[in-house]
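Here is the structure we will look at.
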Amino acid sequence: MSDLTAFITALEAAQNGAQYSPEVQKAAAGINTDDLKKAYAAAEAQGNKAQIEDPAQSAALKAGFEFAAKLVLELQSAPDNTEKTNLYVHYKIGNGVKVDKPGMFDLVKKHLFSAYEKVIEAGNTAQGSQVAYIKQVVDLIAAKGLN
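Positions in the sequence shown are counted from 1; adding 64 to them yields my numbering.
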């Protein structure tokens, strides 16, 4: 299992109101860290096709994913383009958003759609992408640090 220590520390700091913006603190509110850890471990073990059956764990994973989406804005330096692409793809899939194919002249959206399509074709579930997103945020925290 990936080491969630820095992520959980940031979550608890946000829940206590000790750090981060009000938006991040709001996203952290009410997340059960034990359920999040269990859901993350179970989903990570299942891979990209993860399905968490326990309702409390499923809710904690979704809330942790939403918290990660806010926390990524608190990095000391911005993710590079490859990291942003991966975050975009897993954010869309993690939220169950279907991305429409862009026009042929919109090169940036074509690149994003291509990356999205590859992950969809690999069979990623929403929960699989939620775990992938959190994992990437954990890696970014380790590499870039938080404000």
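Just so it is clear, CB atoms sit at the ideal spot from N, CA and C, and this is done for glycine as well.
Cα-Cα separation, residue i to residue j
{"i": "Q110", "j": "D98", "result": "19 Å"}
{"i": "V202", "j": "D170", "result": "31 Å"}
{"i": "E87", "j": "A186", "result": "33 Å"}
{"i": "L176", "j": "A91", "result": "26 Å"}
{"i": "A132", "j": "G167", "result": "31 Å"}
{"i": "Q115", "j": "V153", "result": "18 Å"}
{"i": "N211", "j": "Y104", "result": "25 Å"}
{"i": "Q194", "j": "A93", "result": "18 Å"}
{"i": "N159", "j": "E130", "result": "9 Å"}
{"i": "V172", "j": "Y84", "result": "31 Å"}
{"i": "K22", "j": "D164", "result": "Missing from the structure shown is residue 22; the chain here goes from 65 to 211 and no further."}
{"i": "A206", "j": "I72", "result": "13 Å"}
Pair within 8 Å by beta-carbon distance, residue i and residue j
{"i": "K113", "j": "G192", "result": "yes"}
{"i": "Q89", "j": "A78", "result": "yes"}
{"i": "L204", "j": "E147", "result": "yes"}
{"i": "S141", "j": "E108", "result": "no"}
{"i": "A120", "j": "N96", "result": "yes"}
{"i": "A106", "j": "T149", "result": "no"}
{"i": "G128", "j": "L100", "result": "yes"}
Assumed close pair residue i, residue j - CB separation to whole angstroms, cut-off 8 Å
{"i": "L139", "j": "Y197", "result": "About 14 Å; that fails the 8 Å criterion."}
{"i": "I157", "j": "A190", "result": "6 Å"}
Host alpha helix (DSSP H) of residue i (start-end)
{"i": "K102", "result": "T97 to Q110"}
{"i": "D203", "result": "A190 to K208"}
{"i": "P166", "result": "Unbroken run through P166: none, as it is neither H nor E."}
{"i": "L135", "result": "P119 to L135"}
{"i": "S66", "result": "Taken as a continuous stretch (DSSP letters only), S66 belongs to no alpha helix (DSSP H), as it is neither H nor E."}
{"i": "Q51", "result": "The requested residue 51 is not part of the displayed model; the chain covers only 65 to 211."}
Neighbour-count burial assignment, residue i, 16 or more Cβ in a 10 Å radius
{"i": "S122", "result": "buried"}
{"i": "T199", "result": "Correcting the residue identity first, residue 199 is Lys in this sequence and not Thr. Flag for K199 reads buried."}
{"i": "N188", "result": "buried"}
{"i": "V161", "result": "exposed"}
{"i": "V136", "result": "buried"}
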